[in-house]
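Trainee:
Number of protein chains: 2
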Amino acid sequence: MLLPDIRIPTLLLSESVCRRNIAHMRDRARAHGLHFRPHFKTHQSRRIGSWFRDEGVTSITVSSVGMARYFADDDWEDITIAFPVNLREVEDIDSLAAQVALGVLLESVPVAQRLDAALKNPVDVWIKIDTGYGRSGIAHDDIDALRRLAETVGASRHLRPRGILTHGGDTYRAAGPAEVLQRFSLSRDRMIMAADSLRDQYPEIRISVGDTPGCTLADDFSGIDEIRPGNFVFYDVMQLQRGVCRAEDIAVALACPVVSLHERRSEVVLYGGAVHLSREHVADARGTQLFGLVAQLASGGWGAPLSGAFVTRMSQEHGIVHLPDSRTTAIIEGDLLAILPVHSCLTAECMKGYRLLDGSSADHFAGVSKLAPAPSAPAQTDRQETHTP
Amino acid sequence: MLLPDIRIPTLLLSESVCRRNIAHMRDRARAHGLHFRPHFKTHQSRRIGSWFRDEGVTSITVSSVGMARYFADDDWEDITIAFPVNLREVEDIDSLAAQVALGVLLESVPVAQRLDAALKNPVDVWIKIDTGYGRSGIAHDDIDALRRLAETVGASRHLRPRGILTHGGDTYRAAGPAEVLQRFSLSRDRMIMAADSLRDQYPEIRISVGDTPGCTLADDFSGIDEIRPGNFVFYDVMQLQRGVCRAEDIAVALACPVVSLHERRSEVVLYGGAVHLSREHVADARGTQLFGLVAQLASGGWGAPLSGAFVTRMSQEHGIVHLPDSRTTAIIEGDLLAILPVHSCLTAECMKGYRLLDGSSADHFAGVSKLAPAPSAPAQTDRQETHTP
Chain X
1 MLLPDIRIPT
11 LLLSESVCRR
21 NIAHMRDRAR
31 AHGLHFRPHF
41 KTHQSRRIGS
51 WFRDEGVTSI
61 TVSSVGMARY
71 FADDDWEDIT
81 IAFPVNLREV
91 EDIDSLAAQV
101 ALGVLLESVP
111 VAQRLDAALK
121 NPVDVWIKID
131 TGYGRSGIAH
141 DDIDALRRLA
151 ETVGASRHLR
161 PRGILTHGGD
171 TYRAAGPAEV
181 LQRFSLSRDR
191 MIMAADSLRD
201 QYPEIRISVG
211 DTPGCTLADD
221 FSGIDEIRPG
231 NFVFYDVMQL
241 QRGVCRAEDI
251 AVALACPVVS
261 LHERRSEVVL
271 YGGAVHLSRE
281 HVADARGTQL
291 FGLVAQLASG
301 GWGAPLSGAF
311 VTRMSQEHGI
321 VHLPDSRTTA
331 IIEGDLLAIL
341 PVHSCLTAEC
351 MKGYRLLDGS
361 SADHFAGVSK
371 LAPAPSAPAQ
381 TDRQETHTP
Chain W
390 MLLPDIRIPT
400 LLLSESVCRR
410 NIAHMRDRAR
420 AHGLHFRPHF
430 KTHQSRRIGS
440 WFRDEGVTSI
450 TVSSVGMARY
460 FADDDWEDIT
470 IAFPVNLREV
480 EDIDSLAAQV
490 ALGVLLESVP
500 VAQRLDAALK
510 NPVDVWIKID
520 TGYGRSGIAH
530 DDIDALRRLA
540 ETVGASRHLR
550 PRGILTHGGD
560 TYRAAGPAEV
570 LQRFSLSRDR
580 MIMAADSLRD
590 QYPEIRISVG
600 DTPGCTLADD
610 FSGIDEIRPG
620 NFVFYDVMQL
630 QRGVCRAEDI
640 AVALACPVVS
650 LHERRSEVVL
660 YGGAVHLSRE
670 HVADARGTQL
680 FGLVAQLASG
690 GWGAPLSGAF
700 VTRMSQEHGI
710 VHLPDSRTTA
720 IIEGDLLAIL
730 PVHSCLTAEC
740 MKGYRLLDGS
750 SADHFAGVSK
760 LAPAPSAPAQ
770 TDRQETHTP
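Going line by line, the protein sequences match chains X and W.
Going by my numbering, the first residue of the first sequence is number 1, and it counts up by one from there.
Going by my numbering, the first residue of the second sequence is number 390, and it counts up by one from there.
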């Protein structure tokens, strides 16, 4: 039995592929004169973070206050929380700001005022711009709202204006590279216009953008000061399908035991389902939903995706793989298959940790604590310690 | 600020609703003369498990060997693992079988033989039947395959035949109660036929079924010996939409901070996304995807779902709520909204724990450990302990 110590679904991580992805993106940032502030929400790992340090990275992006705390306590000293300020966490934000150079996102005057009133320590402020994604941020062409917020920040005691920031999430909806570039350019142009409208208020205004498709493929970053891509550290099937990466750039794969064979319908059932991979899916060329690609495992890693093999259905713990007819006969129960995830950020969050190909492990913030047990929790066990954040 | 100690997305659990759901299903089992073996994969909590004990429940179902270990170590002594045997875990299965009355699922002769060869302790065997769901199990009408497996089990040293078992997952795809009942009946009839074909081999053969829609709504369980529903402990929007439960039967809601307001498009952005709720969605009457219903929080719990309010989009940490126009003006940043989840099993798995309405907490197996850090893991922290299972 290959890799007999892998007994349950296990997220494998190729350090060499991951380090290559990191070095490649850092080189792109350097070549274009951009400040590189990678988003750590994809990997959420101190060990993987150390590989960024090895490449000279000193400033990072995270998506929650808790994640900022996790990396601040690992000696990262320059952290942007790329998520709208949550007023319920102002005390935690203030204590982080006492310890590191902390950046936050603002998009509303009342939140800016309430944050400023609650802080004792200075924070860097990025105004969040919506360049068309329609999630959060001030619309790029709502100049009045932009100027009102800039004025509030300017008049505050603790908020230090840094610039404007966007997540050009539109590029994730692009069908292919040409559309990625088109959307990236449009977002960039809108950011430059928004910045120009604030330049009299913020002479030092900077522009920060961050999306893996754009940052991987674009060659024209003129006007941009900083990039914050995250997913590139692992890539995944979604990026592969859009032509953003190659299969050999995908740095994680879920090793899943085969638990049942259904030759008549050319299917095998895996131990590995929605709680391991997440329910994220993409459509193939015919419009069929797929939840992952399939590869053979070897002791040194995994091979290229098998042609015609897909995770076609999924329940809580089960994944159903369709295989080309010739493959099913070569597989028996107890084998492992490697699943390349559709969305690596979510799979990593589900799995809460990694196994490297040398058998060692890497941490994930979700493995530390999401819900801290309250003191009154009655159900402590010999396998469970109480963590008080 | 209401509930100021809720700072991040937090899964609220109503003990009274949950206990009412438990008592109601136990009463149904009793009224129909059925053995009640609830599935604990929905809640995965020792504390919630204790509420089942309070209602006289002594036998349970789980979906993984690790989950069986979690409950065995909490003194549950009769556990069925309702997942195809994973040959990579035979040692763990054997050690569990030494400690508790352990039931496992088999559907193939080679797995039965390899399991039997590896065991030192006896296990109860349920033959997994596929009554039409098409996931795992022997097709209900594949009598040859059924009889061959029954024979293998009969000739084994350590496998004790108990009966046949199905998960009638078809009922989850039903549009409404009438279709649930129709599919439940069909599955039941097929189980009875499959059992009849084995009765000369297994005179004591038992029939076990388990799906929340069928077990909640059916009134004719003739021929069935055991039920294993799980989701009923919390219910969710999927069950509400199919007419299986009422809104007031839903026992969990995700409390999410409001972080941004977009009055022009009648939307608010929540801190609470795919990593909290899961990406499970249902379609409303017009075919629009929705990721949750929305309710107001009060200190004693949450209210009825707000008419016309839905979680319409979701990314990793963000949820976008559409509200009726009249509502947006009453909400400010820092408020909490309660989201009723589409699929409570997955939301509980994401959140890894519960906050009861009295402020105490309840455990979840996923909060204990999924990936046990290897000894070589370099990234231990002051907030992270090493758990060795």
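Glycine included, each C-beta is placed from N, C-alpha and C at the ideal position.
None of these values were measured; they are calculated from a predicted model.
For Leu-686(W) versus Leu-725(W), is the C-beta spacing smaller than 8 Å?
Mentor: It is a contact, given that the beta carbons lie within the stated cut-off.
Trainee: What ranges does the alpha helix (DSSP H) occupy inside the region 490-552 of chain W, keeping only unbroken runs of at least 4 residues that lie completely in it?
Mentor: DSSP runs (the alpha helix (DSSP H)) wholly in the region 490-552 of chain W: 498-507 and 532-543.
Trainee: Beta carbons nearer than 8 Å to chain X: which residues of the region 458-473 of chain W have them?
Mentor: Cβ contacts with chain X come from Tyr-459, Asp-462, Asp-463, Phe-472 and Pro-473.
Trainee: For Asn-86(X), return the contacting residues in chain W, with the cut-off set at a CB-CB distance below 7 Å.
Mentor: Result: Pro-646, Val-648 and Tyr-660.
Trainee: At 3 residues or longer, what runs of the beta strand (DSSP E) sit wholly inside the region 412-452 of chain W?
Mentor: Qualifying beta strand (DSSP E) stretches, in chain order: 449-451.
Trainee: Would you mind telling me which residues of chain W sit closer than 8 Å to Cys-345(X), beta carbon to beta carbon, in chain order?
Mentor: Per Cβ cutoff of 8 Å: Gln-705.
Trainee: If you draw a straight line from the C-alpha of Leu-11(X) to the C-alpha of Leu-254(X), how long is it?
Mentor: Leu-11(X) and Leu-254(X): Cα-Cα distance of roughly 4 Å.
Trainee: Going by beta-carbon coordinates alone, are Glu-652(W) and His-711(W) separated by less than 8 Å?
Mentor: No; because the gap between Cβ atoms is not below 8 Å, this pair is not in contact.
Trainee: With DSSP collapsed to three states, give me the class of Leu-323(X).
Mentor: DSSP places Leu-323(X) in coil when its eight states are reduced to three.
Trainee: Cβ closer than 9 Å: which chain X residues qualify as neighbours of Ile-395(W)?
Mentor: Near Ile-395(W) (Cβ distances below 9 Å), the residues of chain X are Arg-88.
Trainee: Smallest Cα separation from Leu-261(X): which of Arg-53(X), Gly-319(X) and Ser-278(X)?
Mentor: Of the listed residues, the one whose Cα sits closest to Leu-261(X) is Gly-319(X).
Trainee: Answer yes or no: does any C-beta atom of chain W fall closer than 8 Å to that of Ile-192(X)?
Mentor: No, Ile-192(X) lies away from the interface with chain W (no Cβ there is under 8 Å from its Cβ).
Trainee: Looking at Trp-515(W): is its Cβ nearer than 8 Å to the Cβ of Ser-597(W)?
Mentor: Against a cut-off of 8 Å, the Cβ pair of Ser-597(W) and Trp-515(W) comes out as a contact.
Trainee: Straight-line CA distance for Pro-9(X) to Cys-256(X)?
Mentor: For Pro-9(X) and Cys-256(X), the distance between alpha carbons rounds to 5 Å.
Trainee: Mapping the DSSP letters down to three states, classify Glu-637(W) as helix, strand or coil.
Mentor: In this structure, Glu-637(W) counts as helix in the three-state DSSP scheme.
Trainee: Are the region 658-670 of chain W and the region 736-750 of chain W touching by the rule of at least three beta carbon pairs closer than 8 Å?
Mentor: As far as the Cβ criterion goes, the region 658-670 of chain W touches the region 736-750 of chain W, which means the pair count is three or higher.
Trainee: What residue from Met-582(W), Phe-623(W), Asn-475(W) and Val-446(W) has the CA that sits closest to Lys-430(W)'s CA?
Mentor: Minimum Cα distance to Lys-430(W) is reached at Phe-623(W).
Trainee: Distance, Cα to Cα, Phe-310(X) vs Ala-285(X)?
Mentor: Cα to Cα, Phe-310(X) sits roughly 13 Å from Ala-285(X).
Trainee: Below 8 Å on C-beta distance, what does Pro-499(W) contact in chain X?
Mentor: By Cβ distance, chain X contributes Ile-332 and Glu-333.
Trainee: Buried or exposed: which applies to Lys-509(W), given that a residue is buried once 16 or more other Cβ atoms fall within 10 Å of its Cβ?
Mentor: Per the 10 Å Cβ criterion, exposed.
Trainee: Leaving out the 5 sequence neighbours to the left and right, which residues in its chain are closer than 7 Å to Arg-47(X) when beta-carbon positions are compared?
Mentor: Cβ within range, chain order: Ala-362 and Asp-363.
Trainee: With burial defined as no fewer than 16 other Cβ atoms inside 10 Å of the residue's Cβ, what is the status of Pro-393(W): buried or exposed?
Mentor: Flag for Pro-393(W) reads exposed.
Trainee: Verify the CB distance criterion: does Arg-631(W) have a CB-CB separation below 8 Å to chain X?
Mentor: Taking Cβ atoms only, chain X never reaches closer than 8 Å to Arg-631(W), which makes this a no.
Trainee: Where does Met-351(X) fall in DSSP's three states?
Mentor: Note: Met-351(X) maps to helix in three-state DSSP.
Trainee: Can you give the beta carbon distance from Asp-225(X) to Leu-34(X), rounded, assuming they're within the 8 Å contact cut?
Mentor: Correct: roughly 7 Å between the Cβ atoms.
Trainee: Out of Ala-471(W), Asn-475(W) and Thr-447(W), state which residue places its alpha-carbon closest to the alpha-carbon of Asp-463(W).
Mentor: Checked all of Ala-471(W), Asn-475(W) and Thr-447(W); the closest Cα to Asp-463(W) is Thr-447(W).
Trainee: So is Ala-583(W) buried or exposed if we call it buried at 16+ other beta carbons inside 10 Å?
Mentor: Its Cβ being crowded by 16 or more others within 10 Å, Ala-583(W) is buried.
Trainee: Strictly by DSSP, which residues pair up with Val-647(W)?
Mentor: Paired residue(s): Leu-659(W).
Trainee: Using three-state DSSP, classify Ala-642(W) as helix, strand or coil.
Mentor: Looking at Ala-642(W) - three-state DSSP - the assignment turns out to be strand.
Trainee: May I have the straight-line CA-CA distance separating His-167(X) from Gly-132(X), to the nearest angstrom?
Mentor: Taking the straight line joining both Cα atoms gives about 10 Å.
Trainee: Run through chain X and tell me which residues come within less than 8 Å of Ser-452(W), C-beta to C-beta.
Mentor: Simply Gln-316 and Glu-317.
Trainee: Report back the beta-carbon spacing between Val-633(W) and Val-569(W) to the nearest angstrom; my notes put them in contact at under 8 Å.
Mentor: Right, the Cβ-Cβ distance comes to about 7 Å (below 8 Å), so this counts as a contact.
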